[in-house]
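Everything below concerns the one structure shown next.
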Amino acid sequence: MPGSKSYDTETLVVHALNSVDPATRSVVPAWQPSTTFVRDEAYEPLNNRVYGRDQGVTLQQAEAVLARLEEGADAMLFASGMGAATAVLQTLQRGDRLLVQRVMYWTLRDWLLDLGEQWGFEVDFFDAAGGLDALEAALRPGETKLVWLEVPANPTWDIVDIAGAARLAHEAGARLAVDSTIATPVLTRPLGLGADIVMHSATKYLGGHSDILAGLLVTAKKDDQWSRMRRLRLLGGSQLGSFDAWLLIRSLRTLFVRVRQSSANALAVARHFDGDPRLEDVLYPGLQRHPQHEIAKRQMDGGFGGMLSLRVRGGFEGAQRVAANCKLILRATSLGGVESLIEHRAAVEGPDSPIPQDLLRISIGIERVEDLISDLDQAL
Ligand code: PLP
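Each step along the sequence shown adds one to the number in the numbering used here, with nothing skipped, and position 35 is 17.
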């Protein structure tokens, strides 16, 4: 965009940095599906493009928008959030230690417990509710090579102080990676708070319509570890396809309005049901009584996100009953779409899950909030 330096990131993202196609002057960016690119007569690549595995035109367009959104030096898109997360973990060497929260996205915990050991690195856990003290106590200076945070943590929405965690990790000689799927770059920018890597399941808010599986990494610096992750994606062939990258660009243009609406709805739902005698608890970082509300206020700008959990009376069966009673809010896994979804995590995660049996996770969408409140009210 001419003179783009003077515009805010939000404005630039609405225009997908520069959406007007120079060839056709179309307002919507063109989808460019080519997997290969012509060389010149001397067999030299033209415009640095050889092959679509990491040089696809639409892929790189989407990555440029996302690097800007997270204020990073470079971005990489993967076929899923798990693809992105495991590319970071696979840079660990045999004998390295990794420090993660006890409550975190369960498939990644599953990967760590199942494949991490085979990979040869050691996994240490800390309790995010214990804050930086718990993190510091679990860090092993010189041995912990990576601290992996999920902020807010799915599905209890604990908030770790990212700037404090970055300081502690760096002092101990470790790097900090943050899964910021729930916060989105609209509300929190972890790289600006000192993180080295930010990761997203772009399947969620970045995609926003429950129709793309995608993962994202953005780096603060193009350093050796980033080069290794690039190589892992190139050799592993785990990049996002060009049409999904195009759909993602389409979605990012409305990211700010979607996230703000979901956040406003979630705050209204949390406040409405907080203290309801039919509930054991409402977990939402936007509530003033949330134990890490002050940290959330400091590091989240413009809202507290669209995710909340209700702990209902009646344990496992009580939660099953409330989910079954929902008529508008759909019983489905995943989150971050425009439609609201409810999930009984204990039923999904099975007997080894650390998640309370009575917990219902709700992804609050962009519907009229009165309709969401009345659906939950009749379900309870
Ligand atoms: N991180 C978080 C916080 C998630 O909620 C999820 C998926 O639910 C993932 C990572 C994994 O992403 P994907 O499903 O795109 O592989």
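Even glycine gets a Cβ: it sits at the ideal position worked out from N, Cα and C.
Examine the ligand PLP and report whether any of its heavy atoms sits within less than 7 Å of the Cβ of residue i.
| i | result |
| --- | --- |
| ASN136 | yes |
| GLU52 | no |
| LEU90 | yes |
| GLU132 | yes |
| ASP161 | yes |
| SER335 | no |
| SER183 | yes |
| GLY63 | yes |
| GLY174 | no |
| LEU317 | yes |
| ALA67 | yes |
| LEU195 | yes |
| LYS309 | no |
| TYR187 | no |
| ILE141 | no |
| TYR87 | yes |
| ILE164 | yes |
Within its chain, find whatever has a CB closer than 6 Å to the CB of residue i; leave out the 5 residues flanking it on each side and keep chain order.
| i | result |
| --- | --- |
| ALA110 | GLN83, ALA135, ASP140, VAL142 |
| LEU290 | ALA248, ALA252, TYR266, ILE344 |
| LEU195 | SER62, THR185 |
| ASN307 | ALA361 |
| ALA148 | LEU158, GLY176, ALA177 |
| GLY297 | GLN339, ASP340 |
| GLY65 | GLY197, SER220 |
| LEU151 | Checking the sequence, you will find Ala at residue 151 rather than Leu. Closer than 6 Å at Cβ, skipping near neighbours: VAL129, LEU158. |
| ALA119 | none |
| SER356 | none |
| PHE108 | ALA116, LEU117, ALA120 |
If you draw a straight line from the alpha carbon of residue i to that of residue j, how long is it in whole angstroms?
| i | j | result |
| --- | --- | --- |
| GLY284 | ARG242 | 7 Å |
| LEU217 | LEU28 | 22 Å |
| GLY77 | PHE103 | 5 Å |
| HIS326 | VAL264 | 14 Å |
| LEU366 | ASP205 | Lying outside -17 to 362, the shown extent of the chain, residue 366 is not represented and no answer is given. |
| GLY(-15) | ASN0 | Any reading at GLY(-15) must be qualified, since the residue scores a pLDDT of 49, below 50, and its modelled position is unreliable; the value itself is stated next. Approximately 11 Å between the Cα atoms of the pair. |
| GLN302 | LEU292 | 12 Å |
| GLY63 | GLY124 | 29 Å |
| ARG35 | SER220 | 8 Å |
| ALA61 | LEU230 | 12 Å |
| ALA24 | TYR33 | 17 Å |
| LEU354 | LYS309 | 10 Å |
| VAL294 | PRO137 | 14 Å |
| GLY347 | ARG79 | 38 Å |
| ILE164 | LEU323 | 14 Å |
| SER192 | THR315 | 10 Å |
| ALA246 | GLY155 | 39 Å |
| GLY176 | ILE144 | 7 Å |
| ASP106 | HIS275 | 26 Å |
| LEU342 | ALA5 | 50 Å |
| GLY146 | PRO172 | 11 Å |
| ASP359 | ALA305 | 12 Å |
| ASP96 | GLN281 | 33 Å |
| HIS(-3) | ALA44 | 12 Å |
| ASP(-10) | LYS279 | 22 Å |
| SER(-12) | LEU188 | 24 Å |
| PRO259 | GLY113 | 29 Å |
| ILE311 | ASN30 | 47 Å |
| ALA329 | ALA202 | 38 Å |
| LEU(-6) | PHE225 | 21 Å |
| HIS272 | ARG91 | 25 Å |
| HIS182 | GLY287 | 14 Å |
| HIS75 | ARG215 | Checking the sequence shown, residue 75 turns out to be Gln, not His. Their backbone Cα atoms lie some 17 Å apart in a straight line. |
| TRP228 | THR73 | 29 Å |
| SER244 | ILE277 | 20 Å |
| GLN100 | LEU169 | 36 Å |
Within its chain, find whatever has a CB closer than 7 Å to the CB of residue i; leave out the 5 residues flanking it on each side and keep chain order.
| i | result |
| --- | --- |
| PRO336 | ARG84, VAL85 |
| ASP256 | VAL264, LEU269 |
| ASP3 | PRO11, ALA12 |
| GLU(-8) | PHE238 |
| GLU52 | PRO167, ARG171, LEU173, VAL180, VAL200 |
| GLY300 | VAL294, ASP340 |
If I measure Cβ to Cβ from residue i and keep anything under 8 Å in the same chain, skipping five residues before and after, which residues do I get?
| i | result |
| --- | --- |
| ALA49 | ALA55, ASP56, ALA57, VAL200 |
| GLY190 | SER233, THR236, LEU237, ARG240, GLY318, GLY319, VAL320 |
| GLU385 | Nothing about residue 385 can be read from this structure; the chain reaches only from -17 to 362. |
| GLU153 | PRO123 |
| VAL351 | ALA246, ASN247, ALA250, VAL251 |
| LEU94 | LEU71, LEU80, VAL82, VAL105 |
Any Cβ of chain C within less than 8 Å of the Cβ of residue i?
| i | result |
| --- | --- |
| ARG271 | The question asks about chain C, but that chain is absent: this structure has only one protein chain. |
If contact is defined by three or more beta carbon pairs under 8 Å, each pair taking one atom from either stretch, is the stretch 61 to 70 in contact with the stretch 208 to 224?
yes
Would the stretch 26 to 40 and the stretch 1 to 18 be scored as touching if the rule is three or more Cβ pairs under 8 Å?
yes
If contact is defined by three or more beta carbon pairs under 8 Å, each pair taking one atom from either stretch, is the stretch 117 to 135 in contact with the stretch 157 to 176?
yes
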